[in-house]
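Below you'll find the structure, written out as structure tokens, and then a few comments.
2 protein chains.
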Amino acid sequence: MLQYKRSTIKEVAQVAGVSTMTVSRVINGRPDVAPQTRQRVRQVIQQLGYQPSALARSLIQQRSYTLGVVVAGLKYLGPSRTLNGIAAKAETMGYSLLLKELPHFDTRDITPIFQSLLARHVDGIIWAVPQIGDNHAWLQGHCTEQPVPMVFLTMESWPELPVVAVDNYLGGRLATRHLLEQGYRRIGHLAGPQEWWEARQRLAGWQAALQEAGLPALDTQWVEGNWSSSSGAQAILQLFSQYPEMEAVFVANDQMALSALQAAHRRGRQVPQDLGVIGFDGMPEAAYFWPPLTTVAQDQQALGSLAVQQLVDLIEAHQAGQSLDITGPVLLEPGLVIRESTRRLS
Amino acid sequence: MLQYKRSTIKEVAQVAGVSTMTVSRVINGRPDVAPQTRQRVRQVIQQLGYQPSALARSLIQQRSYTLGVVVAGLKYLGPSRTLNGIAAKAETMGYSLLLKELPHFDTRDITPIFQSLLARHVDGIIWAVPQIGDNHAWLQGHCTEQPVPMVFLTMESWPELPVVAVDNYLGGRLATRHLLEQGYRRIGHLAGPQEWWEARQRLAGWQAALQEAGLPALDTQWVEGNWSSSSGAQAILQLFSQYPEMEAVFVANDQMALSALQAAHRRGRQVPQDLGVIGFDGMPEAAYFWPPLTTVAQDQQALGSLAVQQLVDLIEAHQAGQSLDITGPVLLEPGLVIRESTRRLS
DNA sequence: CTGAAAGCGCTAACAC
DNA sequence: GTGTTAGCGCTTTCAG
């Protein structure tokens, strides 16, 4: 299982008394080898524990069966679940993964990242870094001169670019409509940092749902957090003061919703009677918040899986000299998970 | 920034009017090149956007500056934080990462994983898969015949093997001693699955602390969960019934502690007055549980970082033909984070 | 200081 | 069916 010393194709050939070419043919399952020979070569391979060098292969075939994955914020739940999906799918499809993590979400100097990946001849790149501020600005002139196929995760739709993302706008609408259906009318929003595209989409979904219902969505009705639980506590208090008549709140992620629940509790506001609360993400722990949190669940593993699928398709086309048409972004639909925090008992 | 077509060292040499050897010397910063020539070559490299092929280099130098990382359970907090630490440190030290995720924690057939990594000539491997059942059984005969240096994370100490882990035994003792200091005496334990080495260590720490205090640690005083919040709720109820006089409980992770808090709440038991609760992990959200959860924090990023450091040391020694002595496992000390869930008001 | 030759481990393209 | 030649992109070795 664990061979101490790598053996080469040459050694196999020598021991088997054939040329390296024949060994190569056996390895690659080519048909034009005599059964006798094939048998003998196989045996020697087994005996020597020979494993062909993917490096040498990549070099000559100009194809590495390796994907570059660029992520940021691995210590957070979302990105790591996405990576989880990517890893599983890549394995299935026979690709290895070269992983790079950006030091910050808004890392600007991405040149070394690219160089490192390209130097290792990756067949394609998955850019799994959420769009924040203009951290995707480098894309400006470079769309058509990509050295290898790329797929982008969780960013604004962009002409000609293969984008895969969760439909955050839809998620925001789902959340808000659910609150409306429960009979809540004065609905606030505890938003994510508005630098984030995802946060803006969720806000827009909230606004749209309120407007569709003929209700106002004023600036006093929402405040901005930074995704963290600690920011959520502060933000909800501000919301209480600037929108005192609020009956329910759509919180842009579950972490902030957690601390919002705690703050409401401290204020003596009963959830869901006095205050409906709905989160976003679908973290498993949300079922054990107090009260259990209704939330909009997104399947980030599926997101990663889809990205790999898309990228491999692009690579195949690229290899065949064709160019796959990008017909708009792939949007994943999030889904409601209804629990007690919005179940109005009245 | 994004070069469409890779240029080769040959092309650079041609344009600069020198041999490839000279270009190579310039790339590698060798001193024996005339300043004039160096200048010219640099310019051509710039102009062509030339990037040396790490693949070709790896092939000839028999060194890839790539580490294999094998993980499992990326969708959970712990493993991904560890990977976070690994990625950051590897980048700093000039290594790339080839990532493999095992489909399950107890994947037995690791041969294809190894083959894939070795085929790509990784310089070393970080085995970041927690020890569960005998999922490390394959190690038995293979310690001394490792093809490349390896470092193991989160497993039992093993002679001659470089192991890096959090001291879970210490963590368990810390947690329990803290409860004792708060005046709790009848202390239960909601353990993790005993197949896991980490879970057993935490249990052992709990037992040791109780025994040191001259208190019993009977089998009726602890139950086993499976790390998930849903299991925590069930387990704490069982604990209530089989150890009704329990005054405090050490829960083996924060997820289960969360649902334990909820269950206690539903039962009408006040935390921390009627029941002290302490968790393990240090997830940021624990500060916003109700009440805020005291916990034993482990620095999993540091764990990853240390592993890389250790592995690179081993690789350097390996390259130099030496063999670094392994002097027992590297144990990281976890630390208490004290919050309201154990702050007895009496 | 610079270059020519050889080769890392493998396979494409051709011969026989 | 099988072997030979050449070469992927680079660096080592040695000659000049």
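One line per chain: the protein sequences are A and B, in this order. Counting with the numbering used here, you get residues 1 to 346 for the letters of the first sequence. Counting with the numbering used here, you get residues 1001 to 1346 for the letters of the second sequence. Note that CB positions come from ideal geometry on N, CA and C, so glycine has one too.
By DSSP, does residue i sit in helix, in strand, or in coil?
i, result
"residue 33 of chain A", "coil"
"residue 107 of chain A", "coil"
"residue 156 of chain A", "coil"
"residue 101 of chain A", "strand"
"residue 1281 of chain B", "strand"
"residue 347 of chain A", "Because chain A is modelled from 1 through 346, residue 347 of chain A falls outside the range shown and cannot be assessed."
"residue 343 of chain A", "coil"
"residue 1027 of chain B", "helix"
"residue 38 of chain A", "helix"
"residue 1218 of chain B", "coil"
"residue 1225 of chain B", "coil"
"residue 190 of chain A", "strand"
"residue 5 of chain A", "coil"
"residue 1323 of chain B", "coil"
"residue 141 of chain A", "coil"
"residue 270 of chain A", "coil"
"residue 1243 of chain B", "coil"
"residue 146 of chain A", "coil"
"residue 74 of chain A", "coil"
"residue 169 of chain A", "helix"
I need the boundaries of the alpha helix (DSSP H) containing residue i, first residue and last residue.
i, result
"residue 1013 of chain B", "1009 to 1016"
"residue 1064 of chain B", "Careful: residue 1064 of chain B lies outside any alpha helix (DSSP H) and carries neither H nor E."
"residue 304 of chain A", "300 to 319"
"residue 289 of chain A", "Element bounds for residue 289 of chain A: n/a, residue is neither H nor E."
Can you give the beta carbon distance from residue i to residue j, rounded, assuming they're within the 8 Å contact cut?
i, j, result
"residue 1282 of chain B", "residue 1337 of chain B", "6 Å"
"residue 1098 of chain B", "residue 1069 of chain B", "7 Å"
"residue 191 of chain A", "residue 225 of chain A", "7 Å"
"residue 1194 of chain B", "residue 1228 of chain B", "Actually they are not in contact, since the Cβ atoms of residue 1194 of chain B and residue 1228 of chain B sit about 15 Å apart, beyond 8 Å."
"residue 19 of chain A", "residue 13 of chain A", "6 Å"
"residue 196 of chain A", "residue 132 of chain A", "5 Å"
Output, in chain order, the set of chain A residues within a Cβ distance shorter than 8 Å of residue i.
i, result
"residue 1160 of chain B", "Here the premise fails: no neighbours, minimum Cβ distance about 14 Å."
"residue 1265 of chain B", "290"
"residue 1233 of chain B", "288"
"residue 1081 of chain B", "74, 75"
Which chain B residues sit within Cβ distance under 8 Å of residue i?
i, result
"residue 52 of chain A", "1119"
"residue 67 of chain A", "Under the 8 Å cutoff, chain B gives no residues; its nearest Cβ is about 10 Å from residue 67 of chain A."
"residue 56 of chain A", "1059"
"residue 301 of chain A", "1075"
"residue 168 of chain A", "The premise fails here: residue 168 of chain A is roughly 20 Å from chain B at the closest Cβ pair, so nothing lies under 8 Å."
Since residue i sits in a beta bridge, which residues does DSSP pair it with?
i, result
"residue 20 of chain A", "In DSSP, residue 20 of chain A forms no bridge with anything."
"residue 1330 of chain B", "B:1164"
"residue 1069 of chain B", "B:1099, B:1126"
"residue 1276 of chain B", "B:1248"
"residue 1151 of chain B", "B:1126"
"residue 1132 of chain B", "B:1196"
Output the boundary residues of the beta strand (DSSP E) element that contains residue i.
i, result
"residue 254 of chain A", "Note, residue 254 of chain A: premise wrong, no beta strand (DSSP E); alpha helix (DSSP H) at 254 to 266."
"residue 198 of chain A", "Residue 198 of chain A -> not in any beta strand (DSSP E); alpha helix (DSSP H) instead, spanning 197 to 212."
"residue 993 of chain B", "Shown here, chain B extends from 1001 to 1346; a query on residue 993 of chain B therefore has no answer."
"residue 1297 of chain B", "1294 to 1297"
"residue 1049 of chain B", "That residue, residue 1049 of chain B, is in no beta strand (DSSP E); it is neither H nor E in DSSP."
"residue 1338 of chain B", "Counting along the chain, residue 1338 of chain B falls outside any beta strand (DSSP E), and DSSP gives it neither H nor E."
In chain B, which residues lie less than 7 Å from residue i when you measure between Cβ atoms?
i, result
"residue 87 of chain A", "1074, 1099, 1101"
"residue 323 of chain A", "Going along chain B, no residue has its Cβ under 7 Å from residue 323 of chain A, so there is no contact; the nearest lies around 13 Å."
"residue 96 of chain A", "1098, 1116, 1120"
"residue 262 of chain A", "1288, 1290"
"residue 258 of chain A", "1285, 1288"
At a CB-CB cut-off below 9 Å, which residues of chain A make contact with residue i?
i, result
"residue 1284 of chain B", "228, 229, 230, 255"
"residue 1028 of chain B", "In chain order: nothing, as chain A lies at least about 14 Å away."
"residue 1135 of chain B", "Here the premise fails: no neighbours, minimum Cβ distance about 15 Å."
Using a Cβ cut-off of 7 Å, pull out every chain A residue sitting near residue i, in sequence order please.
i, result
"residue 1182 of chain B", "Going along chain A, no residue has its Cβ under 7 Å from residue 1182 of chain B, so there is no contact; the nearest lies around 22 Å."
"residue 1007 of chain B", "Those within 7 Å of residue 1007 of chain B in chain A number zero; the least Cβ separation is about 11 Å."
"residue 1311 of chain B", "Residues of chain A passing the Cβ test: none, with the nearest at roughly 16 Å."
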